[in-house]
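In what follows, a single structure is set out as structure tokens and then discussed.
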Amino acid sequence: MVGESALDIYLACDTMASLEGSIRPAFYLARELVARVYGVSLISPVVSNWVENYLRSEGINVVNLKIKLLSYKFGSSVLLLEA
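Numbering (our numbering), first residue to last: 1 to 83.
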């Protein structure tokens with residue numbers, strides 16, 4: 001397969017409001033796998049626009065489930081708990 005990955009990898013992640021915290025290891029792994037010509041998708045219940053755009057610029061596909069969480073307005077700690 002020329003120009004295509006022989007293997008697609010999907011990583012399930014917590015909510016992605018930033019690239020800090022629990023998302024960082026998945027981000028580093030995904031970036032390294034993309035550099036090795038794998039197709040990588042990060043799946044998350046909620047992804048901020050900034051994070052989604054940045055990941056796509058790094059060649060990482062983002063699957064934003066766009067789940068409407070009630071605690072989104074209360075801060076990231078409660079958001080992670082609900083997700």
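We put the beta carbon where it would ideally sit given N, CA and C, even for glycine.
(request) In the DSSP assignment, find the unbroken alpha helix (DSSP H) run with residue 54 in it and report its ends. (result) Position 54 of the sequence shown, counted from the first residue, corresponds to residue 54. That run of the alpha helix (DSSP H) goes 49-57.
(request) Let me know the secondary structure DSSP gives residue 38 once reduced to three states. (result) Residue mapping note: residue 38 aligns to position 38 of the sequence shown, counting from 1. Residue state, collapsed to three classes: coil.
(message) Considering just the uninterrupted stretch of the beta strand (DSSP E) at residue 11, what are its terminal residues?
(response) For the purposes of this step, residue 11 is identified with residue 11 of the sequence shown, where counting begins at 1. Looking at the DSSP string, the run of the beta strand (DSSP E) that includes residue 11 is 8-12.
(message) Measuring alpha carbon to alpha carbon, tell me which residue in 51, 36, 21 and 16 is nearest residue 8.
(response) Here the question's residue 8 lines up with position 8 in the sequence shown. Comparing Cα-Cα distances from residue 8 to each of 51, 36, 21 and 16, the minimum goes to 36.
(request) Over the uninterrupted beta strand (DSSP E) stretch that includes residue 63, give me the two end residues. (result) Position 63 of the sequence shown holds residue 63. Its beta strand (DSSP E) spans residues 61-64.
(message) Please report the distance separating the alpha-carbon of residue 19 from that of residue 27.
(response) Position 19 of the sequence shown holds residue 19. Position 27 of the sequence shown holds residue 27. Distance between the alpha carbons of residue 19 and residue 27: 8 Å.
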